[in-house]
Amino acid sequence: MKQNKVFSLLGIAMRGHNLVSGELQTLNAIKNGSAMLVIIAEDASDNTRKLFTDKCSFYNVPVRMYGQKEELGRAIGKDLRSSLGVCDAGLADTIIKRLEEEE
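With this note's numbering, you'll find the sequence shown wraps up at 373, consecutive numbering, no jumps.
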């Protein structure tokens with residue numbers, strides 16, 4: 271149930287235009303400072319994981335591994351997505367809290 275809550279929050283972020291998806295858009299959001307949280311699919315490639323963890327650590331953006339590509343895409347109404355960037359601070363904080371509750 272909690273997992274569905276995280277996916278619901280991602281859907282809300284997408285509908286509110288507070289979310290970017292895909293590698294290029296997520297990287298641009300990290301670089302220009304609009305990304306408050308980056309979520310990487312657990313089944314993303316090693317290169318993708320390294321790219322985002324390195325960029326996020328350099329730009330001080332929280333990064334979390336969560337869900338599968340198919341689940342992330344379905345949550346936002348798109349095809350497979352290996353990376354998402356949440357651009358709203360309040361939503362990012364709420365999602366981080368939900369993810370920490372699951373651990």
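All C-beta atoms, glycine included, are put in the ideal place defined by N, C-alpha and C.
Buried/exposed call for residue i, threshold 16 Cβ in 10 Å
i	result
ARG285	exposed
SER315	exposed
GLY360	exposed
ASN302	exposed
SER278	exposed
Whole-angstrom distance between residue j and residue i, CA atom to CA atom
i	j	result
ILE346	SER327	25 Å
MET271	LEU342	Note on MET271: pLDDT 36, under 50, position unreliable in the model; no value is reported.
SER304	GLN338	24 Å
ALA299	LEU321	14 Å
ALA283	VAL333	16 Å
MET335	ASN288	19 Å
GLU293	ARG351	8 Å
Helix, strand or coil at residue i [DSSP, three-state]
i	result
GLY281	helix
VAL331	coil
LEU354	strand
Residue span of the beta strand (DSSP E) that contains residue i, given as start and end
i	result
GLY337	No beta strand (DSSP E) holds GLY337; DSSP gives it neither H nor E.
Range of the contiguous alpha helix (DSSP H) that encloses residue i
i	result
GLU371	359-372
LYS301	293-302
For residue i, the nearest candidate out of the options (CA to CA)
i	options	result
LEU280	THR364, ASP324, ASN330 and THR323	THR364
LEU369	TYR329, ILE310 and ARG319	ILE310
GLN295	GLU312, CYS357, GLU372 and GLU373	CYS357
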